[in-house]
Amino acid sequence: MVYCTNCHTTDHASWNRDCPVFRRECERLDIRRPENSLPYFVTDEAWTQTMCIPLTSALNPSLRRSVPLDTLLKTQQPIPRRDHSMSSQRS
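In the working numbering, the protein residues as written are 644 to 734.
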């Protein structure tokens, strides 16, 4: 039998990432730490310092019921990619 010490239920195990208490605490942490929404680890290079739009309304309450998700996804800026293929390297 499994038991969640967060929810005090037997519906799922404590390590289940779909636990409602775990998810709520993750959202609360993301609100307190906006840098969690950065797509890259920040370095001195400018392309790593870009912000992405949070997709959950919990992270950005102004998005609640005002912008449909498909519209939000269409308006996101593309993530810059670096070409790491072997063909781009010259010997």
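C-beta: ideal position from N, C-alpha, C; glycine also.
Just so it is clear, the structure is predicted and the values come from calculations on it, not from any experiment.
Using only alpha-carbon positions, find the residue among the options that is nearest to residue i.
i      : options                   : result
Glu678 : His655, Val645 and Met694 : Met694
Leaving aside the five residues before and after residue i along the sequence, list all residues of the same chain whose C-beta is less than 8 Å from its C-beta, in chain order.
i      : result
Thr648 : Ser657
Phe665 : Asn649 and Asn659
Cys662 : Cys647, Asn649, Cys650 and His655
For residue i, which residues from the same chain have a beta carbon less than 7 Å from its beta carbon, with the 5 sequence-adjacent residues on both sides left out?
i      : result
Tyr683 : Thr691
Between which residues of its own chain and residue i is the CB-CB distance below 6 Å, once the five residues before and five after are set aside?
i      : result
Tyr646 : Thr653
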